[in-house]
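Chemist:
In full-length UniProt numbering, the protein residues as written are 1 to 410.
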């Protein structure tokens, strides 16, 4: 495998994905002004619909700028020896390959994140602020960024160090040990994410006693769902947008409701949203997604083991001294088309699971409060009610609102 061929493969993938995303976003934007379907006429009035169109258009134009910048940045690194320069810095600092890799990825990831801070700032404090969503203070924005960096260094750096150690110790079989590590990490995160990670960024308190808690517990008991942990999270600290999610399994399973959700919806609507989340659990969607993500990680790591010892992968990104960390960058780009395909499949199953969870809520509780809750949540987040089918196929993990409502009314 010639390094020039690999280089052009990398170039083709980067430019091809950019063109594909640009075309998909353009097709989607063309439908921003389509008339609202009859079943959704009560979501927006004329003024609100105009506001939602402006919001979508602002994000579309901003997305063009950010994606173009990202492509220019990585192409600049490829053509002007950026990866080679970072590798030289790491090599000159230490002869330890693990520390070299940590320095290499640290410079790239930290540098990339710093360069993207202005875009993140604009998204939060200009676009989201303009349309009434942002509640993030400048202090919270900065502290969040520092916490994210610290987590990346501690968790990401720790995992990367172990992976390279596995490679040095076991050679091409490193992927099996890495797969075991990723599997354990994935299980721990699924079980304890709400206990370990969420408190670093948000406050969680048990749902206080009252009619809402009684209705939730009554519904859970009626469907044989052992629900011991119901928490409220202060999502309003950063945004007015609402959400609810289910995490963990076994004794660690819990439902988390955003305070914005409780403020925006009626109690029956909240129970309907909860019934939908319990539907995911009852239909084994959580187990399916967990098992699939672990299997896909194993598949990716196996392919990595076939490429990691090939010096042409490192040479293709301009690094003259082949290494595990340089090959990892090259492989990451080469794998992205496969990642796109598996992402399409996961989105397909996810949309199918959403229908099943909706049906479960309809059958065990009621369709009308779920319909009204979905409409309110879409309205309050200025959601796109007329997405392009191709864009839905490529990017949506949930069916469009109109399809969900028609399914619930069926």
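A virtual CB, placed ideally from N, CA and C, is assigned to each residue, including glycine.
What is the residue span of the beta strand (DSSP E) that residue 204 lies within?
Modeler: Position 204 of the chain shown, counting from 1, holds the residue named residue 204. Here the beta strand (DSSP E) through residue 204 covers 204-206.
Chemist: Roughly how many angstroms separate the alpha carbons of residue 397 and residue 55, rounded to a whole number?
Modeler: For the purposes of this step, residue 397 is taken as residue 397 along the chain shown, with counting starting at 1. For the purposes of this step, residue 55 is taken as residue 55 along the chain shown, with counting starting at 1. If you take the alpha carbons of residue 397 and residue 55, they lie about 21 Å apart.
Chemist: Quick one: give me the first and last residue of the beta strand (DSSP E) that residue 257 is part of.
Modeler: Sequence index remark: in the chain shown, residue 257 carries index 257 (1-based). Looking at the DSSP string, the run of the beta strand (DSSP E) that includes residue 257 is 254-258.
Chemist: For residue 245, which of helix, strand or coil comes out of DSSP?
Modeler: Your numbering for residue 245 matches position 245 in the chain shown. Three-state result, residue 245: strand.
Chemist: Taking the alpha carbon of residue 384 as the point to measure from, which residue in 35, 20 and 17 has its own alpha carbon closest?
Modeler: Locating residue 384 in the chain shown gives position 384, counting from the first residue. The option with the nearest alpha carbon to residue 384 is 35.
Chemist: Assuming contact is defined by CB atoms lying nearer than 8 Å, are residue 369 and residue 272 in contact in what I supplied?
Modeler: Your numbering for residue 369 matches position 369 in the chain shown. Your numbering for residue 272 matches position 272 in the chain shown. Yes.
Chemist: Check whether the region 6-24 and the region 74-83 are in contact - that is, three or more C-beta pairs closer than 8 Å.
Modeler: yes
Chemist: I need the straight-line Cα distance from residue 108 to residue 86, nearest angstrom please.
Modeler: If you number the chain shown from 1, residue 108 lands on position 108. If you number the chain shown from 1, residue 86 lands on position 86. Per the coordinates, the alpha-carbon of residue 108 lies some 8 Å from the alpha-carbon of residue 86.
Chemist: Quick check: the Cα distance between residue 408 and residue 380, rounded to an integer number of angstroms?
Modeler: Residue numbering aside, residue 408 sits at position 408 when the chain shown is read from its first letter. Residue numbering aside, residue 380 sits at position 380 when the chain shown is read from its first letter. When rounded, the distance between both Cα atoms is 21 Å.
Chemist: What span of residues does the beta strand (DSSP E) with residue 413 cover, start to end?
Modeler: In the structure as shown, the chain begins at 1 and stops at 410. Residue 413 is therefore absent and cannot be evaluated.
Chemist: Short of 6 Å in beta carbon distance, which residues of its chain neighbour residue 229, apart from the five on each side in sequence? Order them along the chain.
Modeler: As a position in the chain shown, residue 229 is number 229, starting the count at 1. So the list reads 254, once near-sequence residues are dropped.
Chemist: For residue 377 and residue 363, what's the separation of their Cα atoms in angstroms?
Modeler: Within the chain shown, residue 377 is the residue found at index 377, counting from 1. Within the chain shown, residue 363 is the residue found at index 363, counting from 1. For residue 377 and residue 363, the distance between alpha carbons rounds to 21 Å.
Chemist: Helix, strand or coil: how does DSSP classify residue 309 here?
Modeler: If you number the chain shown from 1, residue 309 lands on position 309. It is coil, neither helix nor strand.
Chemist: Grouping DSSP H, G and I as helix and E and B as strand, with all else coil, what is residue 441?
Modeler: Because the chain is modelled from 1 through 410, residue 441 falls outside the range shown and cannot be assessed.
Chemist: Let me check one thing: in DSSP terms, what residues is residue 350 bridge-paired to?
Modeler: For the purposes of this step, residue 350 is identified with residue 350 of the chain shown, where counting begins at 1. None, per the DSSP bridge assignment.
Chemist: Skipping 5 residues on each side, what residues in its chain have a beta carbon closer than 8 Å to that of residue 135?
Modeler: Counting from 1 along the chain shown, the entry for residue 135 is found at position 135. Closer than 8 Å at Cβ, skipping near neighbours: 236, 237, 238, 239 and 240.
Chemist: Per DSSP, which one or two residues make a beta bridge with residue 239?
Modeler: Within the chain shown, the letter at position 239 stands for residue 239. Bridge partners of residue 239: 134.
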